[in-house]
Structure formats: structure tokens, C-alpha cells
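Here the structure is laid out as C-alpha cells; the discussion comes afterwards.
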Amino acid sequence: MIILNSKDLEEVLTPEVSINAIKDAFSFYSSGKIIQPQRQVLTIKGNWWGIMPSYTDFSFVTKIVNVIPSNKERNLPSVQGVVILMSPDTGEPLAIIEGSTLTAIRTASASVLSTELALKRRSIGTLGVIGAGMEARYHLKIALKYFSVSKVLISARKNHYQLAKEFGGEAVELEKLLRESEVIYATTSSDKPVVLGKFLSEDFHVSSIGAHTPNAREIDDETIKKAKTYFVDSIQAVLNETGDFIQPKNLGILPKNVYEIGEIINKGISIERPSIFKTVGIASQDNLTAYVAYNEAIKKGIGIQVFL
Numbered sequence: 001m002i003i004l005n006s007k008d009l010e011e012v013l014t015p016e017v018s019i020n021a022i023k024d025a026f027s028f029y030s031s032g033k034i035i036q037p038q039r040q041v042l043t044i045k046g047n048w049w050g051i052m053p054s055y056t057d058f059s060f061v062t063k064i065v066n067v068i069p070s071n072k073e074r075n076l077p078s079v080q081g082v083v084i085l086m087s088p089d090t091g092e093p094l095a096i097i098e099g100s101t102l103t104a105i106r107t108a109s110a111s112v113l114s115t116e117l118a119l120k121r122r123s124i125g126t127l128g129v130i131g132a133g134m135e136a137r138y139h140l141k142i143a144l145k146y147f148s149v150s151k152v153l154i155s156a157r158k159n160h161y162q163l164a165k166e167f168g169g170e171a172v173e174l175e176k177l178l179r180e181s182e183v184i185y186a187t188t189s190s191d192k193p194v195v196l197g198k199f200l201s202e203d204f205h206v207s208s209i210g211a212h213t214p215n216a217r218e219i220d221d222e223t224i225k226k227a228k229t230y231f232v233d234s235i236q237a238v239l240n241e242t243g244d245f246i247q248p249k250n251l252g253i254l255p256k257n258v259y260e261i262g263e264i265i266n267k268g269i270s271i272e273r274p275s276i277f278k279t280v281g282i283a284s285q286d287n288l289t290a291y292v293a294y295n296e297a298i299k300k301g302i303g304i305q306v307f308l
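196 is the number that the UniProt record's numbering gives to position 196 of the sequence shown; each next residue is one higher, with no gaps.
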């Protein structure tokens with residue numbers, strides 16, 4: 001068994017590797033090649049916790065993950081977690097993997113994949129990132145290595161000046177970001193919309209990774225009404241977990257084109273823009289990413305060997 005820490009994951013999960021793993025994860029999910037029971041969600045001391053099991057013919061994975069917003073005051077990532085990879089054949093533990101970084105990489109890879117599918121190219125004019133936490137950082141890390149990006153705008157309540165300096169972007173007010181960005185990544189813990197349709201151009205792609213409860217929103221109704229395609233990681237998951245899908249569905253304002261991203265991949269569906277991708281995160285992403293990370297680490301001799 002090996003242990004993979006954050007540094008190990010960054011070394012083995014290059015953008016090409018992680019995005020291909022996520023593409024397979026969504027394809028497997030929508031074609032029924034992966035079994036993932038609905039995750040168990042707990043509220044512990046007022047914070048969200050999830051237990052996410054899944055298995056394929058070649059991998060069993062369980063992730064325990066939480067979102068602790070007050071960790072920002074402790075200088076800790078707001079998302080904490082651990083991933084356990086086991087063999088479905090022998091039952092052996094194969095790897096224990098640091099969950100915060102794996103979650104950030106697989107989530108950012110999903111946003112980047114959605115962008116490539118929506119734009120049908122590997123270049124972005126102006127990329128806008130809303131938020132300045134760990135997820136925002138990994139979205140920038142992966143997107144800027146995978147795409148040719150002309151300009152980066154970053155907006156957040158705080159720390160976006162530092163993030164902009166780190167990635168060669170510009171720290172701006174939210175309205176400017178929304179008006180000028182071709183692609184927008186919403187990576188916030190806000191429960192009120194930060195993607196406001198009245199400011200958006202007529203051609204945009206939005207990937208939203210926040211708003212994990214039925215009452216929370218990152219995307220407002222006007223944005224939904226402008227979109228021609230709304231695609232998601234899992235119809236079942238977004239129907240249960242996010243106000244960004246539940247509320248506009250109840251209002252009858254979802255666009256006619258609503259898909260799972262795995263369906264788009266498997267059937268070669270062409271996405272009409274403006275487009276929205278909503279991801280709440282599903283276990284298949286963790287499964288395939290953990291499995292690929294493990295195999296890459298074994299090939300490269302990375303990680304700490306532990307003998308039980």
C-alpha cells in the first residue's frame with residue numbers, strides 16, 4: 001500500500017492525465033460502468049460532511065470529505081478529506097490518498113473538461129475566476145496549463161489580489177469580470193448568486209462548483225434564462241443537492257438542452273452556447289482519479305510504501 005500526499009498528487013496528476021481520468025469518470029457514470037450509491041451526507045457541528053463509496057471492475061474507492069468554511073480563519077483549506085483505494089478482487093488496501101488536493105484537482109479538471117466541450121477548442125479569450133480559495137487556485141493551475149488563455153480576471157471578497165499576482169491575472173470587481181469573461185469559473189462558498197445574468201455577454205460558458213444545498217445558489221435566474229445548454233455531472237445528484245438546479249427546474253426556466261456531461265461525451269453531442277456546467281461532485285470522479293493517480297505513482301516510484 002502507498003500513501004500519496006498533496007505534493008505527490010500534483011506530480012502524478014498532470015492536467016492531461018487528470019482531465020482524461022475525469023472524462024472516463026463521467027463516461028463510466030452515464031453508461032453504468034461504475035456503481036456509486038448515493039453519498040451519505042451528514043451535518044456535523046453545523047458543517048457539511050459526505051461519505052462517497054463507488055466501485056468498478058478494477059477499483060473500490062471511498063472518500064470521506066467535508067466543507068468547513070471556518071477553516072479559512074485557521075489558515076486551513078475549507079475542504080478536507082481522505083480517499084481510500086482498494087482492490088475489488090483481493091480486498092487489499094492499495095492507497096491512502098490526501099483528499100483535499102485530489103478533490104480540488106478532479107473538480108478543476110471537470111470545469112476544464114466542460115470548457116473544452118463547450119468551446120470546442122483549447123484557447124480562451126478572457127477567463128474569469130470568482131473566488132480565491134483552494135478550488136480557485138487549482139482551477140487556475142489546471143486551466144492555464146491546459147488552455148492558451150489571453151487574459152485572466154479574478155474577483156473575490158478577499159485574497160484575490162494575491163492570487164492575481166501569483167497567476168499573472170488582474171484583480172477586479174465582480175461586475176467587470178462578468179461583463180468581460182468568455183469563460184467563468186464560480187468557485188465560492190456563497191449561498192447567494194455571484195453569476196449575475198444582467199452583466200453577462202451573449203456568448204459565455206459558466207462552470208459552477210459551489211452551492212451544495214437546495215437553498216444555495218451561485219447562478220441567478222437571469223443567467224439560466226440566457227443559457228441554451230445546461231449540463232451537469234449527475235442529474236440525480238443536482239436534483240438532490242443544489243439550488244442552482246432544483247430552483248430553476250421548479251420555476252420551469254431550465255433551457256431545453258439539459259444533459260449529463262457523460263451523455264455528451266458518449267454520444268458526441270454538440271453543446272450550444274451560452275452554456276452552464278453544474279457540478280456538485282460525484283464519487284466516480286474520485287474513483288477514476290484515485291485509480292489513475294495510484295497507477296501513475298507506481299510507475300514513477302512516487303509515494304510512501306507502507307507494509308501492513
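Don't be surprised by glycine CBs; every beta carbon is placed ideally from N, CA and C.
Residue environment, residue i, which counts as buried when at least 16 other CB atoms sit within 10 Å
| i | result |
| --- | --- |
| ILE44 | exposed |
| ILE142 | buried |
| GLU175 | exposed |
| LEU239 | exposed |
| SER111 | buried |
| LYS23 | buried |
Nearest residue (CA-CA) to residue i, options the options
| i | options | result |
| --- | --- | --- |
| ILE246 | ILE269, LYS267, LYS228 and VAL280 | VAL280 |
| PHE60 | VAL183, ALA95, LYS198 and ALA156 | ALA95 |
| ASP220 | ASP191, ALA237 and SER234 | ASP191 |
| VAL206 | TRP49, PRO77 and LYS278 | LYS278 |
| LYS63 | LYS72, VAL79 and ARG74 | VAL79 |
| ALA164 | ILE154, GLU173 and LYS158 | ILE154 |
| LYS120 | ASN66, THR223 and ILE265 | ILE265 |
| ASP89 | VAL12, PHE58 and ASN287 | PHE58 |
| SER6 | ASN66, VAL82 and SER181 | VAL82 |
| ILE184 | ALA156, TYR161, ILE22 and GLN162 | ALA156 |
| SER70 | GLY46, ASP286, GLY268 and ILE19 | GLY46 |
Distance, residue j Cα to residue i Cα
| i | j | result |
| --- | --- | --- |
| ILE84 | LYS33 | 20 Å |
| LEU254 | GLY169 | 33 Å |
| TYR294 | ILE51 | 20 Å |
| GLU263 | ARG39 | 21 Å |
| ARG217 | ALA186 | 11 Å |
| ALA290 | LEU102 | 8 Å |
| VAL195 | ILE209 | 12 Å |
| ASP8 | ILE235 | 33 Å |
| ALA118 | GLU272 | 7 Å |
| ILE3 | ILE302 | 9 Å |
| ASN178 | GLY131 | For clarity, residue 178 is Leu in the given sequence; the question names Asn instead. Answer to the nearest angstrom: the Cα atoms are 13 Å apart. |
| LYS145 | GLU10 | 13 Å |
Boundaries of the beta strand (DSSP E) in which residue i is found, first to last residue
| i | result |
| --- | --- |
| MET1 | Run containing MET1: none; DSSP gives neither H nor E here. |
| PHE277 | 275-278 |
| THR229 | 229-232 |
| LYS63 | 60-67 |
| GLN80 | 79-86 |
| ILE154 | 148-155 |
Residues of its chain near residue i, where Cβ-Cβ distance is below 6 Å and the 5 sequence neighbours each way are ignored
| i | result |
| --- | --- |
| GLN36 | SER54, ALA283 and SER284 |
| VAL258 | TYR230 |
| VAL149 | ILE124 and LEU127 |
| ASN215 | GLY243 |
| ALA136 | VAL129 and THR187 |
7 Å CB neighbourhood of residue i in its chain, flanking five on each side removed
| i | result |
| --- | --- |
| VAL17 | VAL292 and GLU296 |
| TYR138 | ALA104, ILE105 and ALA108 |
| LYS226 | GLY197, LEU200 and PRO274 |
Own chain partners of residue i with C-beta closer than 8 Å, once the 5 adjacent residues on each side are dropped
| i | result |
| --- | --- |
| MET1 | GLU92, PRO93, LEU94, ALA95, ILE96, GLN305, VAL306, PHE307 and LEU308 |
| HIS212 | TRP48, VAL67, GLU241, THR242 and VAL280 |
Residue range of the alpha helix (DSSP H) that includes residue i
| i | result |
| --- | --- |
| GLY262 | 261-267 |
| ASN215 | Neither: ASN215 is in no alpha helix (DSSP H) and is coded neither H nor E. |
| ASN47 | First-last for ASN47: 47-55, but that is the beta strand (DSSP E), not the alpha helix (DSSP H). |
| SER18 | 15-31 |
Residue i: CB within 7 Å of a non-hydrogen atom of the ligand HEM
| i | result |
| --- | --- |
| GLU182 | No copy of the ligand HEM occurs in the structure displayed, which carries no ligand at all. |
Short CB-CB distance (under 8 Å) between residue i and chain C
| i | result |
| --- | --- |
| ILE219 | Absent here is chain C; the protein component of the structure consists of one chain. |
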